[in-house]
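K.L.:
Heads up: the sequence shown is residues 1 to 153, going by UniProt numbering.
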Amino acid sequence: MSGGRSRARAAARLAAVQALYQHDMEGTLLAPLLDEFHRHRLGGLIDDEVDDSQYVDAEVKFFDDVVKGAIARRDEIDDLIASKLADSWKIERLDKTMLQILRAGSYEILARPDVSTGTAISEYVDVAHAFFEAREAKFVNGVLDAVAKAVRS
């Protein structure tokens, strides 16, 4: 995958987590949610990995697929995530942003065979680093790795 495309997908993943968070917290319906992100949020996300902080446009079709798919398969995804948590943890205890990262990553692992397991996990660990400390990013890695072992054999 080209560097431009991988950065566009990274931007799409970050935006998808934000859209899923908004959908979860505010109950924004899918069509207006996608429209808002298409109009106002998908262009010009900062790519911090580039030395001069260039702006990167998100890959819109990929963003749409992750958001629509994670919402459509939410119950299946939540059951899968819950099955990979420690017995003392319930999905309701997860931080709301953390839950959206796990939902988006799990959706990619479940439904996007064109994305390698390693890429999906690594990308969502990177998204976790945008919001959390290293400990939580390791948690994302562990849960998504367990999800991948369950659904991609």
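A virtual CB, placed ideally from N, CA and C, is assigned to each residue, including glycine.
Since the structure is predicted, the reported quantities are computational estimates derived from the model, not experimental observations.
Quick one: measure Cβ to Cβ for Ile-121 and Arg-103, integer angstroms, because I've assumed they're closer than 8 Å.
P.N.:
Counted from its first residue, the sequence shown places residue 121 at position 121. Counted from its first residue, the sequence shown places residue 103 at position 103. That belief does not hold up - the Cβ atoms of Ile-121 and Arg-103 are roughly 14 Å apart, past 8 Å.
K.L.:
Select from Arg-112, Leu-110, Ala-128 the residue whose C-alpha is nearest the C-alpha of Thr-97.
P.N.:
Reading the sequence shown from its first residue, position 97 is the one you call residue 97. Measuring from the Cα of Thr-97, the nearest candidate turns out to be Ala-128.
K.L.:
Would you call the region 58 to 70 in contact with the region 9 to 17, where contact means no fewer than 3 C-beta pairs closer than 8 Å?
P.N.:
The region 58 to 70 is in contact with the region 9 to 17.
K.L.:
Taking just the CA atoms, how far does Asp-126 sit from Arg-7?
P.N.:
Position 7 of the sequence shown, counting from 1, holds the residue named residue 7. Position 126 of the sequence shown, counting from 1, holds the residue named residue 126. Near 12 Å, if we compare the C-alpha coordinates of Asp-126 and Arg-7.
K.L.:
Cutting at 6 Å between CB atoms, please list the residues of its own chain near Gly-69, excluding the five before and the five after it.
P.N.:
For this step, residue 69 is matched to residue 69 along the sequence shown. Excluding residues within five positions, the ones whose Cβ falls inside 6 Å are Tyr-107, Ala-111.
K.L.:
Below 8 Å between beta carbons: does that hold for Leu-144 and Gly-105?
P.N.:
Stepping through the sequence shown from its first residue, residue 144 is reached at position 144. Stepping through the sequence shown from its first residue, residue 105 is reached at position 105. Closer than 8 Å, so yes.
K.L.:
Return the Cβ separation of residue 173 and Ala-146 in integer angstroms, given the expectation that the two are a contact with Cβ distance under 8 Å.
P.N.:
Limits of the chain in this structure are 1 at one end and 153 at the other, which puts residue 173 out of reach.
K.L.:
Mind pulling the alpha helix (DSSP H) runs of 4 or more residues that sit fully within the UniProt domain "NusB/RsmB/TIM44" (11 to 149)?
P.N.:
Entirely contained in the UniProt domain "NusB/RsmB/TIM44" (11 to 149), the alpha helix (DSSP H) runs reaching 4 residues are, in chain order, 30 to 36, 60 to 72, 74 to 84, 96 to 111, 117 to 131.
K.L.:
Are Leu-99 and Val-67 closer than 8 Å when you measure CB to CB?
P.N.:
As a position in the sequence shown, residue 99 is number 99, starting the count at 1. As a position in the sequence shown, residue 67 is number 67, starting the count at 1. Against a cut-off of 8 Å, the Cβ pair of Val-67 and Leu-99 comes out as no contact.
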